[in-house]
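The structure appears right after this line, and notes come after that.
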Amino acid sequence: MATLFPTAKSDPELYPFRSGLVFEFFNALTWQIAIGTPMVLFAERLGASSFQVGLAYSFAFLLTPVQVLATALLPRYGFKQVSMRGWAARSLFLALPLALALLAPEIGRPWMVNVLIWSVFFFSLCRSVGAAAMMSWFYGLVPSHLRGRYFASAQMLSGLAGAGTLVTCALLFAFMPIYTALLIQYAISFSGSVLSYFALNRLPDIAKPPAISLRTVLRDTPRHMFAPSRFRHYLWLSAWFAVIATPIPPFSAYFLKVGPQLTPGRIMLFEVLRYLGVIAGAWLIRRRIDHSGAKPFFLLALVLYAGVGGLWWLYLHSLLGGGAVLFGIYFLVGLGAVCWNVANLNYLPKVVPVGERALFVSIHGAVTACIGGCSPIWWGLFLKSTGTNGAPGINATVFQWFFVSVLVNVSILALLVARLHEDPKTRVEPLVIGNALLRPFRAASYLVNLIDLQSLGREPGRPPNSPPG
Numbered sequence: 106m107a108t109l110f111p112t113a114k115s116d117p118e119l120y121p122f123r124s125g126l127v128f129e130f131f132n133a134l135t136w137q138i139a140i141g142t143p144m145v146l147f148a149e150r151l152g153a154s155s156f157q158v159g160l161a162y163s164f165a166f167l168l169t170p171v172q173v174l175a176t177a178l179l180p181r182y183g184f185k186q187v188s189m190r191g192w193a194a195r196s197l198f199l200a201l202p203l204a205l206a207l208l209a210p211e212i213g214r215p216w217m218v219n220v221l222i223w224s225v226f227f228f229s230l231c232r233s234v235g236a237a238a239m240m241s242w243f244y245g246l247v248p249s250h251l252r253g254r255y256f257a258s259a260q261m262l263s264g265l266a267g268a269g270t271l272v273t274c275a276l277l278f279a280f281m282p283i284y285t286a287l288l289i290q291y292a293i294s295f296s297g298s299v300l301s302y303f304a305l306n307r308l309p310d311i312a313k314p315p316a317i318s319l320r321t322v323l324r325d326t327p328r329h330m331f332a333p334s335r336f337r338h339y340l341w342l343s344a345w346f347a348v349i350a351t352p353i354p355p356f357s358a359y360f361l362k363v364g365p366q367l368t369p370g371r372i373m374l375f376e377v378l379r380y381l382g383v384i385a386g387a388w389l390i391r392r393r394i395d396h397s398g399a400k401p402f403f404l405l406a407l408v409l410y411a412g413v414g415g416l417w418w419l420y421l422h423s424l425l426g427g428g429a430v431l432f433g434i435y436f437l438v439g440l441g442a443v444c445w446n447v448a449n450l451n452y453l454p455k456v457v458p459v460g461e462r463a464l465f466v467s468i469h470g471a472v473t474a475c476i477g478g479c480s481p482i483w484w485g486l487f488l489k490s491t492g493t494n495g496a497p498g499i500n501a502t503v504f505q506w507f508f509v510s511v512l513v514n515v516s517i518l519a520l521l522v523a524r525l526h527e528d529p530k531t532r533v534e535p536l537v538i539g540n541a542l543l544r545p546f547r548a549a550s551y552l553v554n555l556i557d558l559q560s561l562g563r564e565p566g567r568p569p570n571s572p573p574g
């Protein structure tokens with residue numbers, strides 16, 4: 106009989122790392138709600154403006170540099186302790202939205218919006234601290250011959266939990282009063298965070314890494330960002346794409362709620378389609394990219410986003426209507442995001458020096474995440490409007506121009522990406538970031554890691570490819 110998690114009988118090799126897979130499953134229950142569309146809908150219900158929604162959504166991106174600073178804690182405290190403290194602290198800040206869902210009246214109060222925004226800020230801050238150690242810890246813990254199966258299993262479990270969470274949220278919104286639905290959703294998110302913490306606690310630690318010089322990192326980073334090189338060229342193309350893509354999910358959900366006033370349950374069904382697009386793309390593309398190279402998938406991602414911009418523009422002008430169009434748009438958003446992400450994991454190692462791979466990849470992740478995270482804040486200011494009843498709304502005309510800008514920018518970016526140099530025959534080891542394939546809009550933040558993963562293959566005195574005791 107097939108089991109969801111490996112057992113000593115079903116998969117004795119992966120069984121020692123079962124707790125890591127349990128973590129991935131329960132962690133997906135948390136982030137889908139705490140920093141996803143349910144959070145956007147909660148903020149809108151409390152009376153948040155488009156600027157406040159963009160600000161809250163951006164924290165997961167803007168706080169990415171914290172991961173660089175937190176990496177300096179690893180030589181002193183070790184991977185497990187840093188991860189555990191970050192995950193324990195973030196759980197505490199999920200209690201604030203729970204309290205708001207209990208206390209909120211039919212129409213929220215400004216202070217409630219501020220409390221929700223600050224809770225997202227500190228949740229994202231603590232998540233960044235924990236994430237600084239997470240990937241290195243898992244990579245060093247799992248023997249090299251099992252990593253492919255382990256991370257594939259992690260993606261599958263995270264995908265199942267994430268899709269199940271979105272469907273559950275849609276059903277709760279459809280059949281319950283909104284604050285009751287939000288209360289249950291944040292209870293699920295809090296429970297997932299607590300259970301993922303206990304799963305982490307059952308994993309053994311690995312040897313501490315050598316000391317990291319943040320002074321050297323701060324000295325070298327500006328040079329790598331701005332000195333002429335293939336890396337610099339690709340870095341700023343990636344940042345441009347992040348600016349285009351990052352604002353689409355939060356403002357799409359916000360517009361559908363305050364504009365045509367679709368129900369939260371229906372909006373969550375659209376999110377399910379976006380997530381299915383991510384899953385479909387992740388499994389279909391990874392097997393093909395080794396043969397074709399990354400550039401065709403960069404271009405495919407841009408074509409898909411051009412389709413998203415065009416379809417949204419037609420929808421906003423009432424030239425296309427109906428839920429089927431929105432289902433298609435959301436699916437294309439997910440598919441386009443994962444196309445770019447998978448291509449990035451394969452192309453980025455080709456433009457960074459092997460000896461400084463960790464630093465260059467961290468610079469790429471931090472820059473693209475931060476600049477992309479600023480985009481929802483900028484657009485939130487432009488889109489800000491007040492409805493006829495005085496409630497916060499969204500400027501429909503500016504929203505139309507937002508998608509015109511998407512079309513124009515992806516067209517120009519496609520011309521530049523088409524000129525990227527890539528030899529498909531050149532083979533490099535793709536970057537490994539676990540189930541972040543299923544979180545393509547935040548995947549760049551998982552690349553921020555100053556620890557050389559290749560040096561974590563085994564602990565001192567441990568035979569190669571043997572599991573820890």
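Here the sequence shown stands for residues 106 to 574, where the numbers follow our numbering.
Think of the CB as a built atom: it goes at the ideal place given N, C-alpha and C, for glycine as much as any other residue.
A distance below 7 angstroms between beta-carbons, with the five flanking residues on each side excluded, links L409 to the following residues of its chain, in chain order: L437, L440, G441 and C444. Under the DSSP assignment, G498 falls in the beta strand (DSSP E) whose first and last residues are P497 to I499. Under the DSSP definition of a beta bridge, T491 partners with P497.
The Cβ atoms of L221 and F147 sit closer than 8 angstroms to each other. Take L160, set aside five residues on each side of it, and the residues of its chain with a beta-carbon closer than 6 angstroms to its own are I482, in chain order.
Per DSSP, the unbroken alpha helix (DSSP H) holding V187 starts and ends at F184 to L197. With respect to A236, S467 sits apart: the two C-beta atoms are not nearer than 8 angstroms.
Per DSSP, the unbroken alpha helix (DSSP H) holding M240 starts and ends at P215 to L246. L424 counts as exposed, since fewer than 16 other C-beta atoms from the protein chains shown sit within 10 angstroms of its C-beta. Annotation: the region 399-471 contains the following complete segments of the alpha helix (DSSP H) (minimum length 4 residues), in chain order: 400-421 and 428-452. The Cβ-Cβ distance between R547 and F164 does not fall below 8 angstroms. L543 and A387 have their C-alpha atoms spaced approximately 7 angstroms apart. Membership of V171 in the alpha helix (DSSP H) is indicated by the continuous run P170 to T176. Taking C-beta atoms as the reference points, G297 and N132 count as a pair closer than 8 angstroms.
No residue range can be given for Y551, since it is assigned to no alpha helix (DSSP H) and is classified by DSSP as neither H nor E. Approximately 4 angstroms separates the beta-carbon atoms of V553 and G470; this is inside 8 angstroms, confirming the contact.
Across the structure, C479 and G485 are spaced so that their CA atoms are roughly 10 angstroms apart. Q137 sits in a helix when the DSSP states are folded into three classes. Under the 10 Å beta carbon count, W242 is surrounded by 16 or more other beta carbons and is classified as buried. Boundaries of the alpha helix (DSSP H) around Q260: R252 to F280.
Each residue's CA atom was taken as its position, placing G141 and K400 some 29 angstroms apart.
Out of W341, A266 and Q290, the CA that lies nearest to the CA of F128 is found in A266. Contact check between the region 357-372 and the region 113-130: fewer than three CB pairs, one atom from each, fall below 8 angstroms, which does not count as touching. Taking 8 angstroms as the upper bound for CB-CB distance, V457 and F295 are not in contact here, some 39 angstroms apart.
In the structure shown, the three-state DSSP call for K362 is helix. By a beta-carbon distance limit of 8 angstroms, I372 does not contact V447. Their separation comes to about 27 angstroms. The DSSP-derived three-state label of I293 is helix. In this structure, the alpha-carbon of K489 lies about 6 angstroms from that of F156.
Here the C-alpha atom of Y420 lies approximately 13 angstroms from the C-alpha atom of W506.
A Cβ-Cβ distance of about 7 angstroms is found for the pair A496 and G152, placing them in contact under the 8 angstroms criterion. G152: not part of any alpha helix (DSSP H); DSSP gives it neither H nor E. Cβ-Cβ separation between K455 and V383: approximately 24 angstroms, too far for a contact (criterion under 8 angstroms). A straight line joining the alpha-carbon of Q137 with that of V234 spans about 19 angstroms. Secondary structure note for F546: it is in no alpha helix (DSSP H), with a DSSP letter that is neither H nor E.
Residue burial annotation: W417 is buried, with at least 16 other C-beta atoms found within 10 angstroms of its C-beta.
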